[in-house]
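Under the numbering used here, the residue at position 210 of the sequence shown is numbered 309, and the numbers go up by one with no gaps. The structure under discussion appears below in the form of structure tokens.
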Amino acid sequence: MKISILKERAINESRVAASPDTVKKLKELGFEVYIEKGAGEASNFSDEDYKNAGAKVTNVIFEILADTDILLKVQATLDNNNEEFNEFKLLPEKVVIIGLLSPFENKALIEQYANKKYTSFAMELMPRITRAQSMDVLSSMSNLAGYKSVIEAANELNSVFPMMMTAAGTISPVKMLIIGAGVAGLQAIATGRRLGAIVSAFDIRSAAKEQVESLGGKFIEVPNDDAAQKDQVYATEASDDYKAKQQALIAEAVKKSDIVITTSMIPGKKAPLLISQEMVESMKPGSVIVDLAMITGGNCQLSQKDQMVVHNGVKIIGYTNMASKVAADASPLYARNLLNFVELIYDKESKKIVINQEDEIIKSTLVTYQGQIVN
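Structural data, given as structure tokens:
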């Protein structure tokens with residue numbers, strides 16, 4: 100069987116869907132591995148690294164995609180600026196596509212997958228169960244994004260993070276607010292604390308309090324929290340009364356903060372608007388906001404996709420692909436997630452792909468199958 104990996108053509112995407120290490124593992128499973136020339140350069144993987152791992156490296160797209168059984172992707176985005184490059188013209192009908200397909204945002208693309216009778220899996224739909232942890236790309240990528248968001252904020256902030264005692268006086272530590280204590284938020288808390296910041300965090304799920312405090316952060320609570328949120332893994336939409344209390348509490352915390360990092364997203368919906376223009380204008384000049392929810396619209400009213408804007412002296416960062424900025428670490432983790440998933444759908448004895456829709460992992464991530472959108 101043949102597995103193919105192309106150079107990612109999405110804007111600001113530096114990751115690659117296979118590392119030399121996972122190529123070796125795929126070869127051990129019995130796959131032929133074809134990789135586009137230069138696919139791993141932005142992740143510090145050379146063509147020679149892939150060749151030494153056993154991959155066939157070529158710049159002939161037809162050779163890579165023709166008769167392939169599995170196409171591993173980072174993003175589903177096609178190269179719209181190059182009319183001569185069209186995956187749909189080259190991929191066989193039997194192909195299995197695995198990647199971060201953003202099915203909620205790419206509905207037209209998913210329909211094309213169905214029309215072409217491609218089998219496709221969206222890795223961001225991975226269920227939060229123990230057996231799926233080794234394939235959980237959202238956790239591995241969000242972890243890196245949370246770390247990098249703090250580094251980006253530190254780079255733009257014209258202050259040092261920790262308290263410093265000097266003969267000329269004392270420098271106060273940076274005050275950081277994290278909105279959303281999921282994987283990205285928790286890593287941002289840990290990174291901020293390591294750098295010496297005073298960190299506060301808010302999350303709609305009261306169950307996040309223990310995790311925030313275990314990392315040295317102060318948990319900000321809304322009185323009379325919605326009971327429905329207490330044991331949720333992902334946030335869900337709150338009541339109007341809760342939202343009003345939430346906004347008042349966040350507004351006060353934002354005003355006091357030097358750095359605000361927002362991570363709040365609701366699966367399948369537009370990101371909730373949590374920071375208004377008025378809140379931004381209440382912050383001190385030189386403060387920084389990092390909006391990690393920009394991929395689904397953003398949590399800050401003034402955020403701009405993939406840009407840093409300055410409003411009233413406050414820098415607002417709206418980069419949608421923070422994990423890609425640390426591609427040398429993101430790519431190996433992502434590639435390992437994909438390898439573990441390939442092992443799930445590949446029968447070693449028959450050397451065939453087996454789509455068992457009774458399996459919770461497969462059922463959750465399967466988007467198109469046999470000409471239909473099945474998720």
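Don't be surprised by glycine CBs; every beta carbon is placed ideally from N, CA and C.
Host alpha helix (DSSP H) of residue i (start-end)
i: residue 284; result: 282-293
i: residue 146; result: 146-152
i: residue 341; result: 339-355
i: residue 238; result: 236-255
i: residue 160; result: 160-164
i: residue 193; result: Careful: residue 193 lies outside any alpha helix (DSSP H) and carries neither H nor E.
i: residue 174; result: Segment 169-174 is the beta strand (DSSP E) holding residue 174; no alpha helix (DSSP H) there.
i: residue 265; result: No alpha helix (DSSP H) contains residue 265, which is instead part of the beta strand (DSSP E) from 263-265.
i: residue 124; result: 119-128
Beta-carbon proximity of residue i to residue j, cut-off 8 Å
i: residue 295; j: residue 261; result: yes
i: residue 363; j: residue 373; result: yes
i: residue 141; j: residue 434; result: no
i: residue 258; j: residue 339; result: no
i: residue 278; j: residue 359; result: yes
i: residue 119; j: residue 152; result: yes
i: residue 188; j: residue 168; result: no
i: residue 225; j: residue 463; result: yes
i: residue 133; j: residue 117; result: no
i: residue 159; j: residue 146; result: no
i: residue 344; j: residue 311; result: no
i: residue 231; j: residue 460; result: yes
i: residue 281; j: residue 300; result: no
i: residue 190; j: residue 170; result: yes
i: residue 219; j: residue 409; result: no
i: residue 139; j: residue 148; result: yes
i: residue 255; j: residue 414; result: yes
i: residue 306; j: residue 471; result: no
i: residue 263; j: residue 436; result: no
i: residue 164; j: residue 131; result: no
Unbroken beta strand (DSSP E) run spanning residue i, endpoints
i: residue 210; result: Here residue 210 belongs to no beta strand (DSSP E); instead the alpha helix (DSSP H) covers 206-214.
i: residue 414; result: 413-416
i: residue 465; result: 465-468
i: residue 106; result: No beta strand (DSSP E) holds residue 106; DSSP gives it neither H nor E.
i: residue 157; result: 155-157
i: residue 456; result: Run containing residue 456: none; DSSP gives neither H nor E here.
i: residue 317; result: 317-319
i: residue 299; result: 297-301
i: residue 359; result: 358-361
i: residue 313; result: Premise fails: residue 313 lies in the alpha helix (DSSP H), 308-313, not in any beta strand (DSSP E).
i: residue 365; result: No beta strand (DSSP E) holds residue 365; DSSP gives it neither H nor E.
i: residue 138; result: Premise fails: residue 138 is in no beta strand (DSSP E) and is neither H nor E.
i: residue 277; result: 274-278
i: residue 229; result: Careful: residue 229 lies outside any beta strand (DSSP E) and carries neither H nor E.
i: residue 260; result: Run containing residue 260: none; DSSP gives neither H nor E here.
Member of the options whose CA lies at the smallest distance from the CA of residue i
i: residue 196; options: 401, 101 and 147; result: 101
i: residue 121; options: 464, 439, 466 and 467; result: 439
i: residue 368; options: 396, 341 and 192; result: 396
i: residue 135; options: 144, 254, 127 and 129; result: 144
i: residue 115; options: 422, 404 and 411; result: 422
i: residue 275; options: 129, 361 and 443; result: 361
i: residue 198; options: 256, 237, 404 and 210; result: 237
i: residue 442; options: 127, 103 and 109; result: 127
i: residue 446; options: 309, 129, 414 and 384; result: 129
i: residue 399; options: 105, 377, 190 and 268; result: 377
i: residue 110; options: 411, 313, 405 and 353; result: 405
i: residue 215; options: 473, 474 and 469; result: 469
i: residue 350; options: 370, 381 and 365; result: 381
i: residue 222; options: 106, 244, 353 and 173; result: 173
i: residue 243; options: 432, 342, 217 and 457; result: 432
i: residue 375; options: 394, 365, 402 and 384; result: 402
i: residue 560; options: 235, 229 and 175; result: What the structure shows of the chain is the stretch from 100 to 474, and residue 560 is not part of that stretch, so it cannot be assessed.
i: residue 371; options: 342, 161 and 228; result: 342
i: residue 304; options: 313, 105, 319 and 297; result: 319
i: residue 412; options: 384, 106 and 105; result: 384
Within-8 Å CB hit, residue i to chain D
i: residue 377; result: In the structure shown, chain D does not exist; there is a single protein chain.
**Message:** Three or more C-beta pairs under 8 Å: does that hold for the segment 275-288 against the segment 237-254?
**Reply:** yes
**Message:** Under 8 Å: do the segment 437-451 and the segment 199-213 share three or more Cβ pairs, one atom per stretch?
**Reply:** no
**Request:** Could I get the ranges of all uninterrupted beta strand (DSSP E) runs contained in the segment 371-436, with 3 residues as the minimum, in chain order?
**Result:** 387-390, 407-410 and 413-416
**Prompt:** Taking one C-beta from the segment 408-418 and one from the segment 386-395 each time, how about it: are there three or more such pairs within less than 8 Å?
**Reply:** yes
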